[in-house]
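**Student:** The structure under discussion is supplied below as structure tokens; questions concerning it will follow.
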Amino acid sequence: MHDTLKKPREIIMVSYAVRFPELAAKSKSVAGEVDMDPATVEHDRQRLLAVERLILETICFNFTSKMPFPYVIKVGRAFSATKKLTKLAWRLAIDRRSIADVFRIQVVSNSDVRSPIVTLGSTSFFHVRVNNLYIVAVTKCNANAALVFEYCYRFISIAKSYFGKVDEEAVKNNFVLIYELIDEINDFGYPQNSEIDTLKTYITTESIMSSAAAVEESSKITTQATGATSWRRADVKYKKNEAFVDVVETVNLSMSAKGTVLRADVDGHILMRAYLSGTPECKFGLNDKLVIDKNERGMGDAVELDDCRFHQCVRLDEFDSTRTISFIPPDGEFELMKQVSINVKRETANTCTNFNNKLSATNVVIRIPTPLNTTSVDCKVPSGKAKYVPAENVVVWKIPRIQGGAEMTFSGTAQLTSTTNRQVWARPPIDVDFQVLMFTSSGLIVRFLKVFEKSNYHSIKWVRYLTKASGSYQVRF
Amino acid sequence: MASFRAPPRKGENFELSADLNSEYKDKRKDAIKRVIANMTVQKDVSGLFPDVLKNMQTDDLEQKKLVYLYLMNYAKTQPELVILAVNTFVKDTDDPNPLVRALAIRTMGCLRAEKIIDYLCDPLQKCLRDENPYVRKTAALCVAKLYDLKPELVVENGFIETLQEMIADSNPMVVANTVAALTDIHQAAVAAGSNADVFAITSTVLNKLLIALNECSEWGRVAILNALARFETEDDRESEHICERVVPQFQHANASVVLAAVKVIMIHMRNVHSESLTKQLVRKMAPPLVTLLSNPPEVQWVALRNINLLLQKRPDILSNEMRVFFCKYNDPLYVKVEKLDIMVRLAGESNVDALLSELKEYSSEVDVDFVRRSIKAIGQTAIKIDEAAERCVNVLLELIGTRVSYVVQEAVVVMKDIFRKYPSTYEGVIPTLCANLDELDEPEAKASLIWIIGEYANKIDNADELLGIFVDTFTEESYPVQLQTLTAVVKLFLRKPDTSQGLVQRILNTATKDCDSPDVRDRAYIYWRLLSTDPGAAKNVVLAHRPPISLPRTTVSPALLEELLGEVSSLASVYHKPAETFVGRGRVSAESIPRKAGDLVDDQLVTQRALQTVVIGQQAENLLNFDDPADVDDQQPSGIAATAVLASTPAAANLLAGTSSNPLDDLVSIFGNSGMGSTSTPAPPQYQNAFAGLSFASPITPAPTAPVTPSILQAASPVQSQPQQAQDDLLGLF
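Residue numbers (our numbering), protein chains in the order written: chain A, 1 to 477; chain B, 478 to 1211.
Structural data, given as structure tokens:
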């Protein structure tokens, strides 16, 4: 869809050759391309796109108009137009644009579009962009916008889990699979089963034969796909029954130049990898204030979670009434819950160095923006490596490891060139990425994870904590 | 297009055709894939229809899917050929494999070819009662597809009754799809004008839905919650019961489920009379709303637009959560803009300092549009919170100090609003503003500064000098600036008659002779007449006291707000517009939007205000004495200028007696009768423009945009404070 941006340019070039034959004669290139000022070309390109848009508007974007031809002739007669004009109109009318073309012209190549929903005439386009691909949903109804976007993102995550990555190449290589997937997860505009685990049982890269043996298999699949636990197969078996719980917290922080914390909150995710046989019933407990009344953790008190949201396997009604998190986990990896806690104490602000000496932050990346006309930066750092990246206008300072409590200073001198047109520098904030293992900035800890199964097997549970920041730990200066 | 009758002899399609008929299985399958690939990039492969069709009967499920895909694409253009496939379809619906059965019934519903449909009914009948839930849930949706194509077939075959029975199905997924199908059919039936209630939700159905709600997939939950939103409860208890059962869904990971739950609660809360329960529900609603902001930006945006609506109804919902809405540096602009709006809505005395420092920060960002909006937000905060006004003004002064052109201009516009709200409070700021006179190049900023100079003409020593600059370049300025200059000079003259006599003469001359805008000319004539006939009256009119401005609490009319809250998370709620305006047959005229019952109450309000307007108009005496009818034809007073001419016409009497239902109807008829002399048209187009200008003007910036004199402004203001309703009514009129 996005390679067609070149097309207007080609049309313009041809038009120049016709309009300025004297320049075309001088042209060196084989195609007779005229050497034009890029600004003029850009200007003409915009004009051309505007004309295209105008024509589209004139034909009202009515993609369902079946037969414009009789009207073309009627209108032609009414205005007693020449045969030539009528012919041209006929040709325009016959050129029925597909929805994809309209989207390309109106959204992809239109830099003014600043909203993820665009309504043209009575057709609304919802789009999500990922790696230069547009995932577009089209409707003529008063659709449920949140559902559409959730669905788009779900589609992306399904595609990711099937192809590894979502980009142009993956789409080109897997278009048959994509058709199959869309056919399965969406029927008549209503999203159906979108559980990756279940989908993978019957939409595969190798073909399934519908032989007699497969019939039984299919019945099983279909029962699972529609059952109350659509996310889990019934016949899972493991030699070793293990469950891994990862508590991952992403710190969102913005600090003003003076060091006051403008906003500090934590997006927590509890990821679980369950390798458990049968249909286990799990109960899960946190040191959450909602559950625990009194202090349990040495110095600090129980953590106040402002809100949490659960994977669909968690029984919400039970959580609402008794505050227990109980569920039958899907097989393999899934996100059990997301939680937000806003009332994080000031210490979050300095998480980077404020934790226990025994812990250490790894993979610390500090990105310091530089003015746009920087040519080179001379940096002095006590540890790690600092490098100026001209393409992004930042100095990237990478520190593999910082001990807790340590303090480090960065000093650097930037060489600036003097430029004629002074571009405004946005002074983007300094961005810090880091990871701290075995530490949660909200103080959340897992108190227990109990697994109950009919066969009453023994299961091993592992818990890991990780606090990280990526792209959302910002310090203004 | 019709090349299928004679297969091509060469080229890619010819090769494909050969491969499709190959004796090797793999080759055939590969060929089908290539056909689909060509179809995807919009090459015409319809000519291969018979060849592809030959490959339909196969054990390979993937190949079957591909052939079906091809059929779906071309069935509409080649219905007579699709008939050939019908037998295979019907046979497949009897296949022992449930996946094949479901696939066949799903595809048949998608073919959308008239001829196929007649063959669909029998297999569908069977599949609706299939033992496998996967087939049943697919068949349920197929009924909706069929209804879309041929409703009478659905009714004849009793499919609707079958669906209604299926709500009691043991499988939650089947229930969810049945609900989705019934809702779809219900909507289509209502749109077609049918009165039959296709999907009546009774209390028994309600219980089944509530049970299925906790068991089905996330998408199914949305469908069920939508159905719950439609249920009409009989008493408080039922509403409370629904609310209690729906509240746990707030914890769902899927944002659309959360928003659907919010919708149900908002609808059923209307019937909950228990104060404590309402409070509890509102309290429980806040955290999930905040959590919605940790979603991807598009979902955030939908959530923010809806939060904006929710806050208009219940401003207290998120009162302590303003910090959550602070913009992140890498938020997309559309998210930032919505956050700004919500931040202003949540602003109060306790958090105004944090808000101001945040807004100041935004004002130094690069995106011009965002910076302007941030500055506007500062102005709105000043108008909203009296105590913070001074701090806001200080922030604005700092911003003006940066001397960045667009920042200064926007700040000037905002200052004007602050002067409107707090007259004669911040006069000390005026010199700073005037110092930036040369930097202003945008009409709105210029007009605002001129308005300020005119308003405080007696306190600015060199006001005549400053205004002189604009008078010199009068003809080059844009119309809003011309209008403001004109008014400001007249104000100056009325306050300091001795020093500005020449200036006023000059501008009236230029405006009446050299100006192309009828609005400017008309206003100049009116001033001229006013000043020459009765300077005292001119003073009353031009220097009249203006009502203070305030921030509107809602951006849509109360009736529309209620409607939109009933559609939370839909496209309508995102646009803050009723669905009729953007779906259906293109543009819908204003008349066809049904008037809501709630508007009646608003009407009475508008009537009262309109009455006040008329009274004010009458007090303003009969100033404009048009004795020359020819003159009138040339320069009809524009817009509401005519209110000033109001004599006691019969319509006005009618209005004062309060007998009429629509005040604006009468106003127009008053315009029509009054002072119009030879013109017989009841409502010339200018009125329309003037009204439109008024009702669409941003509520807090009336001064530069309002069309005529300050006295008119005064007259117009009551209408403006209810802009949306007025707009509805006006649109209905014209």
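Don't be surprised by glycine CBs; every beta carbon is placed ideally from N, CA and C.
Please read these numbers as outputs of a predicted model, since none were measured by experiment.
(1) Can you have a look at A1134(B) and say buried or exposed, based on whether 16 or more other CB atoms are within 10 angstroms of its CB?
(2) Quick check on DSSP: helix, strand or coil for K627(B)?
(3) Closest Cβ-Cβ distance between D571(B) and chain A: below 8 Å?
(4) Do N241(A) and Y275(A) come within 8 Å of each other at the CB atom, strictly closer than that value?
(5) Count the other CB atoms within 10 Å of the CB of T467(A); is the residue buried (16 or more) or exposed (fewer)?
(6) Please state whether the Cβ-Cβ distance between C313(A) and W231(A) is less than 8 Å.
(7) Under the criterion of a Cβ to heavy atom distance below 7 Å, does E180(A) qualify as lining the ligand MG?
(8) Going by DSSP, which residues form a beta bridge with W778(B)?
(9) Report yes or no: is there a C-beta of chain A within less than 8 Å of the C-beta of F847(B)?
(10) Spell out whether any CB of chain A is found under 8 Å from the CB atom of P575(B).
(11) Considering only the alpha carbon of each residue, which of I399(A), E392(A) and L372(A) lies closest to P382(A)?
(12) Kindly indicate which three-state DSSP category M650(B) falls into: helix, strand or coil?
(13) Just curious, the beta strand (DSSP E) that Y388(A) is in, first and last residue?
(14) By Cβ distance below 7 Å, which residues in the same chain neighbour V651(B) in space, the five residues on each side in sequence not counted?
(15) If we define contact as Cβ-Cβ less than 8 Å, is R476(A) a contact residue for chain B?
(16) Shortest alpha-carbon distance to F310(A) belongs to which of L416(A), V102(A), K380(A) and F334(A)?
(17) For V567(B), which residues of its own chain have a beta-carbon under 7 Å away from its beta-carbon, when the five flanking residues on both sides are left out?
(18) Which runs of the alpha helix (DSSP H) fall wholly inside the region 301 to 335 of chain A and span at least 4 residues, in chain order?
(19) By the 10 Å Cβ neighbour count, where 16 or more other Cβ atoms means buried, how is N684(B) classified, buried or exposed?
(20) Out of curiosity, what's the CA-to-CA distance linking G1043(B) and D320(A)?
(21) By alpha-carbon positions, which one of I678(B), T962(B), D607(B) and T1058(B) ends up nearest to E932(B)?
(22) Is D183(A) close to chain B? Criterion is C-beta to C-beta, closer than 8 Å.
(23) Using a beta-carbon distance cut-off of less than 7 Å, what residues from the region 721 to 743 of chain B approach chain A?
(24) So the candidates are V463(A), D267(A), I328(A) and S256(A); which of them puts its Cα closest to the Cα of I430(A)?
(25) In the structure shown, what three-state DSSP assignment does R114(A) receive?
(26) Check whether the region 152 to 159 of chain A touches the region 574 to 585 of chain B, taking contact to mean three or more Cβ pairs, one atom from each stretch, closer than 8 Å.
(27) Among the candidates T409(A), E407(A) and R367(A), whose CA atom is the shortest distance from the CA of E392(A)?
(28) Which residue comes first and which comes last in the beta strand (DSSP E) that contains K450(A)?
(29) Could you check whether the region 921 to 932 of chain B touches the region 965 to 973 of chain B, counting it as contact only if at least three pairs of C-beta atoms, one from each stretch, sit closer than 8 Å?
(30) Answer with yes or no whether the minimum CB distance from A552(B) to chain A is below 8 Å.
(31) If you draw a straight line from the alpha carbon of T198(A) to that of L181(A), how long is it in whole angstroms?
(32) List, in chain order, every chain A residue whose beta-carbon is nearer than 8 Å to that of L618(B).
(33) Rounded to whole angstroms, what's the CA-CA distance from S219(A) to L576(B)? Just pull it up for me.
(34) Does any residue of chain A have a CB that is nearer than 8 Å to the CB of P773(B)?
(35) Take E904(B) as the anchor and find which of A924(B), K923(B), V884(B) and N871(B) has the nearest alpha-carbon.
(36) Which of the three DSSP states is assigned to R849(B) in this structure?
**Tutor:** Reading from the atomic positions:
(1) Along the second sequence, read from residue 1 onward, the residue named residue 1134(B) stands at position 657. A caution first: A1134(B) carries a pLDDT of 39, below 50, which makes its placement in the model unreliable, though a value can still be read off. Under this definition A1134(B) is an exposed residue.
(2) Here the question's residue 627(B) lines up with position 150 in the second sequence. Correct three-state label for K627(B): coil.
(3) Reading the second sequence from its first residue, position 94 is the one you call residue 571(B). D571(B) does not count as touching chain A.
(4) Position 275 of the first sequence, counted from the start, is the residue given in the question as residue 275(A). Position 241 of the first sequence, counted from the start, is the residue given in the question as residue 241(A). Their beta carbons are under 8 Å apart, which means Y275(A) touches N241(A) by this criterion.
(5) Mapped onto the first sequence, residue 467(A) falls at position 467. By the 10 Å Cβ count, T467(A) comes out buried.
(6) Taking the first sequence and counting its residues from 1, the one referred to as residue 313(A) is at position 313. Taking the first sequence and counting its residues from 1, the one referred to as residue 231(A) is at position 231. Yes, these two residues count as a Cβ contact at 8 Å.
(7) Because no ligand of any kind appears in the structure shown, any question about the ligand MG cannot be addressed here.
(8) The residue given as residue 778(B) occupies position 301 in the second sequence. DSSP output for W778(B) lists no bridge partner at all.
(9) If you number the second sequence from 1, residue 847(B) lands on position 370. No - not a single Cβ of chain A is within 8 Å of the one on F847(B).
(10) Here residue 575(B) refers to the residue found at position 98 of the second sequence. It does; some Cβ of chain A falls within 8 Å.
(11) Within the first sequence, numbered from 1, the residue matching residue 382(A) stands at position 382. For P382(A), the nearest C-alpha among the options comes from I399(A).
(12) Position 173 of the second sequence, counted from the start, is the residue given in the question as residue 650(B). In this structure, M650(B) counts as helix in the three-state DSSP scheme.
(13) Residue 388(A) sits at position 388 when you count from the first residue of the first sequence. Taken as a continuous stretch (DSSP letters only), the beta strand (DSSP E) holding Y388(A) covers K385 to V389.
(14) Translated into the one-based positions of the second sequence, residue 651(B) becomes position 174. Hits under 7 Å: P610, R613, K614, A617 and M643.
(15) Reading the first sequence from its first residue, position 476 is the one you call residue 476(A). Output row for R476(A): interface = yes.
(16) Start at 1 with the first residue of the first sequence, and residue 310(A) comes out as number 310. Comparing Cα-Cα distances from F310(A) to each of L416(A), V102(A), K380(A) and F334(A), the minimum goes to F334(A).
(17) Locating residue 567(B) in the second sequence gives position 90, counting from the first residue. Answer for V567(B): Y596 and P600, listed in chain order.
(18) 316 to 322
(19) If you number the second sequence from 1, residue 684(B) lands on position 207. Label assigned to N684(B): exposed.
(20) Position 566 of the second sequence, counted from the first residue, corresponds to residue 1043(B). Position 320 of the first sequence, counted from the first residue, corresponds to residue 320(A). For G1043(B) and D320(A), the distance between alpha carbons rounds to 25 Å.
(21) Counted from its first residue, the second sequence places residue 932(B) at position 455. That would be T962(B), whose Cα lies nearest to the Cα of E932(B).
(22) Here residue 183(A) refers to the residue found at position 183 when the first sequence is read from its first residue. Yes, D183(A) counts as interfacial toward chain B.
(23) V724, P725, Q726, Q728, H729, A730, N731, A732, S733 and L736
(24) Within the first sequence, the letter at position 430 stands for residue 430(A). Considering only alpha carbons, the answer is S256(A).
(25) On the first sequence, residue 114(A) is found 114 positions in, with the first residue counted as 1. Note: R114(A) maps to coil in three-state DSSP.
(26) no
(27) Position 392 of the first sequence, counted from the first residue, corresponds to residue 392(A). Nearest C-alpha to E392(A): R367(A).
(28) Position 450 of the first sequence holds residue 450(A). Unbroken beta strand (DSSP E) run through K450(A): V446 to F452.
(29) yes
(30) For the purposes of this step, residue 552(B) is identified with residue 75 of the second sequence, where counting begins at 1. It does not; no Cβ of chain A falls within 8 Å.
(31) Start at 1 with the first residue of the first sequence, and residue 198(A) comes out as number 198. Start at 1 with the first residue of the first sequence, and residue 181(A) comes out as number 181. Distance between the alpha carbons of T198(A) and L181(A) is about 12 Å.
(32) In the second sequence, the residue the question calls residue 618(B) occupies position 141. Simply D187, F188 and Y190.
(33) Counting from 1 along the first sequence, the entry for residue 219(A) is found at position 219. Counting from 1 along the second sequence, the entry for residue 576(B) is found at position 99. Going by the C-alpha atoms only, they are around 8 Å apart.
(34) In the second sequence, counting from the first residue as 1, residue 773(B) sits at position 296. At least one chain A Cβ lies under 8 Å of P773(B).
(35) Here residue 904(B) refers to the residue found at position 427 of the second sequence. Of the listed residues, the one whose Cα sits closest to E904(B) is N871(B).
(36) The residue labelled residue 849(B) in the question sits at position 372 within the second sequence. In this structure, R849(B) counts as helix in the three-state DSSP scheme.
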